[in-house]
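*Asks:* Can you keep this structure in mind? I'll have questions shortly.
2 protein chains.
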Amino acid sequence: MRKTTTKLADGRELIYYDRDESAQRDARDRRPLEPTASLAEIRRDPVLGDWVTVAAHRQARTYHPPADECPLCPSQGERLSEIPAADYDVVVFENRFPSLAADAAAYVAATGEPLSAEQPAAGQPGTDPPTAEPPALHLTRPGVGRCEVVCFTADHHASFAALDEAKARLVMDAWTDRTAELGALPDVDQVFCFENRGAEIGVTLAHPHGQIYAFPFTTPRTVKMITQANEHRARTGRNLFEDLLAAELADPVRVVLTGEHWTAFVPFAARWPYEVHLYPNRRVPALTALSEAERAEFPRLYLELLRRFDRLFGSGTETPDQPPAPTPYISAWHQASRRGGAELALHLELFTIRRTVGKLKFLAGVESGMDAFVNDVSPEAAAQRLREVAT
Amino acid sequence: MRKTTTKLADGRELIYYDRDESAQRDARDRRPLEPTASLAEIRRDPVLGDWVTVAAHRQARTYHPPADECPLCPSQGERLSEIPAADYDVVVFENRFPSLAADAAAYVAATGEPLSAEQPAAGQPGTDPPTAEPPALHLTRPGVGRCEVVCFTADHHASFAALDEAKARLVMDAWTDRTAELGALPDVDQVFCFENRGAEIGVTLAHPHGQIYAFPFTTPRTVKMITQANEHRARTGRNLFEDLLAAELADPVRVVLTGEHWTAFVPFAARWPYEVHLYPNRRVPALTALSEAERAEFPRLYLELLRRFDRLFGSGTETPDQPPAPTPYISAWHQASRRGGAELALHLELFTIRRTVGKLKFLAGVESGMDAFVNDVSPEAAAQRLREVAT
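These protein sequence lines are chains A and B, in that order.
The working numbering puts the first residue of the first sequence at 1, with every later residue one more than the last.
The working numbering puts the first residue of the second sequence at 392, with every later residue one more than the last.
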């Protein structure tokens, strides 16, 4: 794999990842782009204890552009996109409308506020000693971090599921490289690689792509996982995720796919109609800790899962020329944060918001108001269906 | 207020609430309805610690019926709906496709499992003593509880915002009555009154209506609130919600509306583009604890907030005959649970998923994967806008 780091016209970083070790990546960004000023603020919700990012500058971001103005296609002649080259393998660049950006100095200059707002240690609720000074209810911190776009195909009409294994491996290598590089930034606590697929999910650029968020805090979901894993350790002396994987394998009613190094299963308390979690059999905290054998096997299993997702809602009357409508999905890598990684297990969570042909699962009052999920598909039935749609 | 409790043909309860103390409610449900068997299961997510309801029987529920088959309009001639009467004021009935139902005996008979699965005490993470016996990873409990539908207008094309104050007060009295009655059921831990409005939220019945869920557990959102409130008490000796309301009133940059007994403000770390929380100035745990003066003032303030929400995304060119498209919203009452109510404060959370004209806020990878919300509208700007759209 060859990595070439370049800059876009407004100073943002763009990185090519090529299978071809001799790839020359010297195309220059010829657009007259002004640097964007990004001043997101992160606020602590005093009632829930979660960090929320307020990014008011993002309302003007690109929204469903026509295909001939796609910013993620390669540049062609005078059709200049975010990617200066005329073709690419995998390319990662900083989002022009980021929720989080590295420009802490600009934040300090603009607000006069220091970068000192402190976050309670992740996964340690209730253990802070009482202080004489009552804590402020309204805590803020600068929205430092980084948001990157991951383009994994130059083909506007392709999808991740259509990649070959070598290409999917290159994407995994890019995720791993970004995890290492972003995770080493001084303000970054957690690196989150993910893909949103489908307008139903809210995707506003049709060109297939993933994203990476480098958060300056441990995300609320990860804090909950750390809490549960710490409690399990305190109770049993063992690791929660290792016990969980062993339990799923011992009674494989929810197991969808097994490899030599990975296992995919529908979680016991799935929130979404079709949801699969893919774990390496050996617990590691992050993508950077995977072995070569684990990396080598991943593409085949992941591509198989994505292809099964696309077969879930077929009518049975499709032909190669008229495939079923693509299944909208979210694919999310969970990995350790800097503040609380000892008990975590790297894994990928893949789920769709479609519950049956033509119907979506919405997050209405019960879910969005109370975080109380209601799933209309039993996890065992979902696993059965995901085994049935194997090639 | 006159309350008349009746039964539908399949045994479900239906309750009329009438302003007219002499209302006669003796219409009989003439439909040939079979009783539905409802066997939802509640499962504990071992990785997040949350309870998730698996309700596989709900896939067949009514989905966008044509207006002339609306199940929430009054029955007319041979057009028989869920409401046997030819007209109604406010009516509440058990959902025919409930996520949670009271039939615990049916659950035991069908599964052979006892009703003994135990829930850890809400808001007490990490305080359970280590046990010699490791806890099971996969905990289930029966989906006992209750799901009710609240019809607050017989007019298929109306909305809550179009009610008069007396009618809104009758709805509040119905919520209060349901909180008392459902909260007294032996298996119920928390009563949740809410309204989902708009197809964008996932509402599948166009007739305006609200819902009530009586949960057998404390919802994950409430558990988080209890944790934060308990920590605040431990640190400061004071109540979190009282301190919060005092802080918002002391610097009213996010205050939208104040009455003698209620205050509405945009929360400091709002997750949604337009979000307002409405608190009684005197902290009470639940609807049942409000005073007559507090009940009397609520309708005017709440109706005003709903009407302002409908004005948020107008183009300015609307006429009385062509009003702006209704704003989709979720309106959610937060009140104490039986297991952890001492520090909570009754309040209503009202928010829309619309972020600007024609654009919705979706919960994609960052939110649905990591619970890390990104809000594109600053809470202070949202409050300013909500003050501007006053009548």
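Using N, Cα and C, we set each Cβ at its ideal position, and we do this for glycine too.
All figures in this text were calculated on a predicted structure; none of them were measured in a lab.
Of all Cβ atoms in chain B, is any one closer than 9 angstroms to the Cβ of residue 227(A)?
*Replies:* Mapped onto the first sequence, residue 227(A) falls at position 227. It does: the Cβ of residue 227(A) has a partner Cβ on chain B nearer than 9 angstroms.
*Asks:* Would you grab the beta carbon distance between residue 42(A) and residue 178(A) for me? Rounded to a whole angstrom, and I think it's under 8 angstroms.
*Replies:* As a working note, residue 42(A) is residue 42 in the first sequence. As a working note, residue 178(A) is residue 178 in the first sequence. Not confirmed; about 21 angstroms, so no contact.
*Asks:* Could you check which residue in 31(A), 50(A), 64(A), 91(A) has the C-alpha nearest to that of residue 25(A)?
*Replies:* Against the first sequence, residue 25(A) aligns to sequence position 25. When only C-alpha atoms are compared, the closest one is 91(A).
*Asks:* With residue 564(B) and residue 408(B) assumed to form a contact (beta carbons below 8 angstroms), what rounded beta-carbon distance in angstroms separates them?
*Replies:* By 1-based counting over the second sequence, the position of residue 564(B) is 173. By 1-based counting over the second sequence, the position of residue 408(B) is 17. With a beta-carbon spacing of about 7 angstroms, residue 564(B) and residue 408(B) fall inside the 8 angstroms limit used to define contacts.
*Asks:* Let's test the definition: count the other Cβ atoms within 10 Å of the Cβ of residue 601(B) and tell me whether it reaches 16, buried, or not, exposed.
*Replies:* For this step, residue 601(B) is matched to residue 210 along the second sequence. So residue 601(B) ends up on the buried side.
*Asks:* Hey, does residue 486(B) have any beta-carbon neighbour from chain A nearer than 9 angstroms?
*Replies:* Start at 1 with the first residue of the second sequence, and residue 486(B) comes out as number 95. Closer than 9 angstroms: no.
*Asks:* Name, in chain order, the residues that DSSP records as bridge partners for residue 538(B).
*Replies:* Here residue 538(B) is taken as the residue at index 147 of the second sequence, counted from 1. In the DSSP output, where bridge partners are listed per residue, residue 538(B) has 604(B).
*Asks:* Tell me, please, which residues DSSP counts as bridged to residue 583(B).
*Replies:* Residue 583(B) sits at position 192 when you count from the first residue of the second sequence. Paired residue(s): 604(B).
*Asks:* List, in order along the chain, the chain B residues whose C-beta lies closer than 7 angstroms to that of residue 363(A)?
*Replies:* The residue given as residue 363(A) occupies position 363 in the first sequence. Simply 754.
*Asks:* What is the residue span of the beta strand (DSSP E) that residue 632(B) lies within?
*Replies:* Start at 1 with the first residue of the second sequence, and residue 632(B) comes out as number 241. Element bounds for residue 632(B): not the beta strand (DSSP E) but the alpha helix (DSSP H), 631 to 641.
*Asks:* May I ask which residues mark the beginning and end of the beta strand (DSSP E) holding residue 432(B)?
*Replies:* Counting from 1 along the second sequence, the entry for residue 432(B) is found at position 41. Residue 432(B): member of the beta strand (DSSP E) spanning 432 to 435, first to last residue.
*Asks:* Going by CA-CA distance only, name the one from 21(A), 212(A), 222(A) that's closest to residue 51(A).
*Replies:* As a working mapping, residue 51(A) is identified with position 51 in the first sequence. Residue 51(A) has its Cα closest to that of 222(A), out of 21(A), 212(A), 222(A).
*Asks:* Mind listing the chain A neighbours of residue 437(B)? Cutoff is C-beta to C-beta under 9 angstroms, in chain order.
*Replies:* Your numbering for residue 437(B) matches position 46 in the second sequence. Per Cβ cutoff of 9 angstroms: 228, 232, 240, 243, 244, 247, 267, 268, 269.
*Asks:* Answer with buried or exposed for residue 197(A), where buried requires no fewer than 16 other C-beta atoms within 10 angstroms of its C-beta.
*Replies:* Here residue 197(A) corresponds to residue number 197 of the first sequence, with the count starting at 1. By the 10 Å Cβ count, residue 197(A) comes out buried.
*Asks:* Are residue 596(B) and residue 456(B) close, meaning C-beta to C-beta below 9 angstroms?
*Replies:* As a first step, residue 596(B) is located in the second sequence; it is residue number 205 there, counting from the start. As a first step, residue 456(B) is located in the second sequence; it is residue number 65 there, counting from the start. Contact flag set, yes.
*Asks:* If contact means a Cβ-Cβ distance below 8 angstroms, which residues of the region 200 to 214 of chain A contact chain B?
*Replies:* 201, 202, 203, 211, 213
*Asks:* Helix or strand or just coil, what does DSSP make of residue 391(A)?
*Replies:* Locating residue 391(A) in the first sequence gives position 391, where the first residue counts as 1. Coil, per DSSP.
*Asks:* Could you check whether the Cβ of residue 442(B) sits closer than 9 angstroms to any Cβ belonging to chain A?
*Replies:* One-based indexing of the second sequence puts residue 442(B) at position 51. Yes, residue 442(B) lies at the interface with chain A (some Cβ there is under 9 angstroms from its Cβ).
*Asks:* Select from the region 143 to 171 of chain A all residues with a C-beta closer than 7 angstroms to any C-beta belonging to chain B, and list them in chain order.
*Replies:* For the region 143 to 171 of chain A, the set of residues with a beta-carbon nearer than 7 angstroms to any beta-carbon of chain B is empty.
*Asks:* At which residue ranges does the region 155 to 201 of chain A contain complete alpha helix (DSSP H) runs of 4 or more residues, listed in the order of the chain?
*Replies:* Taking only runs of at least 4 residues, the alpha helix (DSSP H) segments lying wholly in the region 155 to 201 of chain A are 165 to 183.
*Asks:* Are residue 144(A) and residue 93(A) touching if we call contact CB-CB under 9 angstroms?
*Replies:* Counted from its first residue, the first sequence places residue 144(A) at position 144. Counted from its first residue, the first sequence places residue 93(A) at position 93. No; because the gap between Cβ atoms is not below 9 angstroms, this pair is not in contact.
*Asks:* What separation, rounded to the nearest whole angstrom, lies between the Cα atoms of residue 326(A) and residue 159(A)?
*Replies:* Residue 326(A) sits at position 326 when you count from the first residue of the first sequence. Residue 159(A) sits at position 159 when you count from the first residue of the first sequence. Roughly 9 angstroms separates the two Cα atoms.
*Asks:* Taking all protein chains shown into account, decide if residue 555(B) is buried (16 or more other Cβ within 10 angstroms of its Cβ) or exposed.
*Replies:* For the purposes of this step, residue 555(B) is taken as residue 164 along the second sequence, with counting starting at 1. Residue 555(B) is exposed by the Cβ-count criterion.
*Asks:* If we cut at 9 angstroms on Cβ distances, does residue 379(A) have a partner in chain B?
*Replies:* Counted from its first residue, the first sequence places residue 379(A) at position 379. Judged by the 9 angstroms Cβ criterion, residue 379(A) is in contact with chain B.
*Asks:* Per the contact definition of three or more C-beta pairs closer than 8 angstroms, is the region 686 to 703 of chain B in contact with the region 628 to 646 of chain B?
*Replies:* Touching, no, given that fewer than three Cβ pairs across the two stretches are closer than 8 angstroms.
*Asks:* Only counting the same chain, and skipping five residues up and downstream in sequence, which positions put a Cβ closer than 7 angstroms to that of residue 722(B)?
*Replies:* In the second sequence, counting from the first residue as 1, residue 722(B) sits at position 331. Counting only Cβ-Cβ distances below 7 angstroms, and skipping sequence neighbours, we find 585, 586, 739, 741.
*Asks:* Using a C-beta cutoff of 9 angstroms, does residue 220(A) count as contacting chain B?
*Replies:* The residue you call residue 220(A) lines up with position 220 of the first sequence. At least one chain B Cβ lies under 9 angstroms of residue 220(A).
*Asks:* Along the chain, where does the alpha helix (DSSP H) that runs through residue 407(A) open and close?
*Replies:* The question about residue 407(A) has no answer, for chain A in this structure spans 1 to 391.
*Asks:* Do residue 621(B) and residue 674(B) have their C-beta atoms closer together than 9 angstroms?
*Replies:* Here the question's residue 621(B) lines up with position 230 in the second sequence. Here the question's residue 674(B) lines up with position 283 in the second sequence. No.
*Asks:* Is there a C-beta anywhere in chain A that falls below 9 angstroms from the one on residue 766(B)?
*Replies:* Taking the first residue of the second sequence as 1, we reach residue 766(B) at position 375. Flagged as an interface residue toward chain A: residue 766(B), by a C-beta distance shorter than 9 angstroms.
*Asks:* Using a cut-off of 8 angstroms between C-beta atoms, extract the partners of residue 693(B) located in chain A.
*Replies:* As a working note, residue 693(B) is residue 302 in the second sequence. Neighbours of residue 693(B) on chain A: none; closest Cβ ~16 angstroms, over 8 angstroms.
*Asks:* Let me know the secondary structure DSSP gives residue 721(B) once reduced to three states.
*Replies:* Reading the second sequence from its first residue, position 330 is the one you call residue 721(B). Note: residue 721(B) maps to strand in three-state DSSP.
*Asks:* Taking Cβ-Cβ distances shorter than 7 angstroms, what residues in chain C pair up with residue 580(B)?
*Replies:* Among the protein chains in the structure shown, which are A and B, there is no chain C.
*Asks:* Please identify the residue among 719(B), 688(B), 768(B) whose C-alpha is closest to the C-alpha of residue 599(B).
*Replies:* Within the second sequence, numbered from 1, the residue matching residue 599(B) stands at position 208. It is 719(B).
*Asks:* State the DSSP-derived secondary structure class of residue 384(A), mapped to helix, strand or coil.
*Replies:* Residue 384(A) sits at position 384 when you count from the first residue of the first sequence. Three-state DSSP puts residue 384(A) in a helix.
*Asks:* My output table needs one value for residue 393(B): the three-state DSSP class, helix, strand or coil.
*Replies:* Numbered from 1 along the second sequence, position 2 holds the residue referred to as residue 393(B). It is a strand residue.
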